[in-house]
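Q:
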Amino acid sequence: MTDTLSDSALDLIFREARTYNGWHDKGVSDEEIHQIYELLKMGPTSANQQPGRFVWVRSDEAKQKLADCADEGNKDKILGAPVTVIIGYDIDFHEQLPWLFPHTDAKSWFEGDEEGRKESAFRNSALQGAYLMIAARALGLDCAPMSGFDQDKTTQAFFSDQPKYRADWLCSIGHGDRTTIFERSPRPEFDTFNKVV
Numbered sequence: 001m002t003d004t005l006s007d008s009a010l011d012l013i014f015r016e017a018r019t020y021n022g023w024h025d026k027g028v029s030d031e032e033i034h035q036i037y038e039l040l041k042m043g044p045t046s047a048n049q050q051p052g053r054f055v056w057v058r059s060d061e062a063k064q065k066l067a068d069c070a071d072e073g074n075k076d077k078i079l080g081a082p083v084t085v086i087i088g089y090d091i092d093f094h095e096q097l098p099w100l101f102p103h104t105d106a107k108s109w110f111e112g113d114e115e116g117r118k119e120s121a122f123r124n125s126a127l128q129g130a131y132l133m134i135a136a137r138a139l140g141l142d143c144a145p146m147s148g149f150d151q152d153k154t155t156q157a158f159f160s161d162q163p164k165y166r167a168d169w170l171c172s173i174g175h176g177d178r179t180t181i182f183e184r185s186p187r188p189e190f191d192t193f194n195k196v197v
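Quick note on full-length UniProt numbering: the sequence shown kicks off at 1 and runs consecutively.
1. Is it true that the CB of isoleucine 13 sits closer than 8 Å to the CB of leucine 139?
2. Along the chain, where does the beta strand (DSSP E) containing methionine 133 start, and where does it finish?
3. If aspartate 168 sits next to isoleucine 87, beta carbons under 8 Å apart, how far is it from one beta carbon to the other, in whole angstroms?
4. Can you find at least 3 beta carbon pairs, one from the region 177-192 and one from the region 33-52, that sit closer than 8 Å?
5. Is it buried or exposed, methionine 42, if we count other Cβ atoms within 10 angstroms and call 16 or more buried?
6. Quick one: any contact between the region 62-81 and the region 151-159, if contact means 3 or more CB pairs under 8 Å?
7. Hey, is the region 141-151 in contact with the region 101-108, meaning 3+ C-beta pairs nearer than 8 Å?
8. With distances taken from CA atoms, which of His94, Leu100, Gly129 and Ile181 is nearest lysine 164?
9. Measure the CB-CB distance between leucine 100 and asparagine 48 and report whether it falls below 8 Å.
10. Count the other C-beta atoms from every protein chain shown that fall within 10 angstroms of the C-beta of phenylalanine 57, then say buried if there are 16 or more, exposed otherwise.
11. Cα separation between phenylalanine 193 and arginine 166?
12. With DSSP as the reference, please indicate the residues paired to leucine 170 in a beta bridge.
13. Pull up the CB-CB distance for valine 28 and glycine 174, whole angstroms please, since I reckon it's below 8 Å.
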């Protein structure tokens with residue numbers, strides 16, 4: 001039987017976790033960044049596609065470059081965060097499948113179908129971004145996912161050397177200041193959006 005997480009662990013990852021708008025003056029180390037990635041990469045993706053491409057924006061110069069791509073309401077969140085991750089994806093992820101999924105010719109499933117690859121990369125990289133947030137929270141860090149930014153401008157600014165990479169969404173990570181969170185928005189009861197058939 002698989003072990004289960006304690007209530008305190010579930011609180012840390014889900015029930016008490018919040019989206020932060022401000023941060024304590026404490027950085028996120030290279031070691032912590034690597035720990036997050038080492039956990040998130042273990043989350044399942046279809047045929048182990050691993051299409052997520054991550055840019056960890058931490059220097060002042062890189063933060064300003066990313067803030068210049070963001071909506072007004074998100075600029076200060078990016079500039080004030082210890083690190084903000086650009087969660088992107090590789091449309092040509094299938095080129096990596098011979099070593100990522102070696103027991104069959106999975107690369108051939110996606111050749112000649114760029115639209116199909118975009119859909120699959122978008123879906124599976126979003127999963128990886130969710131794993132990133134769970135991993136960060138499990139390691140005692142806080143998160144602030146956000147969309148409000150120009151995806152094309154961000155793609156050009158941070159993925160210009162990789163023409164098949166696309167920026168999708170952002171997630172700031174650090175030690176959150178609880179005075180900056182809003183009241184929790186409603187969460188629907190099971191019967192609102194679920195049915196068991």
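Cβ atoms here follow ideal geometry from the backbone N, Cα and C, with glycine treated the same way.
As the structure is a prediction and not an experimental result, all values here were calculated from the model.
A: Judging by the given coordinates:
1. no
2. Unbroken run through methionine 133 is the alpha helix (DSSP H), 114-138; no beta strand (DSSP E).
3. 5 Å
4. no
5. exposed
6. As far as the Cβ criterion goes, the region 62-81 touches the region 151-159, which means the pair count is three or higher.
7. Counting Cβ pairs under 8 Å, fewer than three are found: no touch.
8. Per the Cα distances, His94.
9. yes
10. A small fix is needed here, since residue 57 is valine in this sequence, not phenylalanine. So valine 57 counts as buried.
11. 31 Å
12. Ile86 and Met146
13. Indeed, because the Cβ distance is near 6 Å, the residues count as touching under 8 Å.
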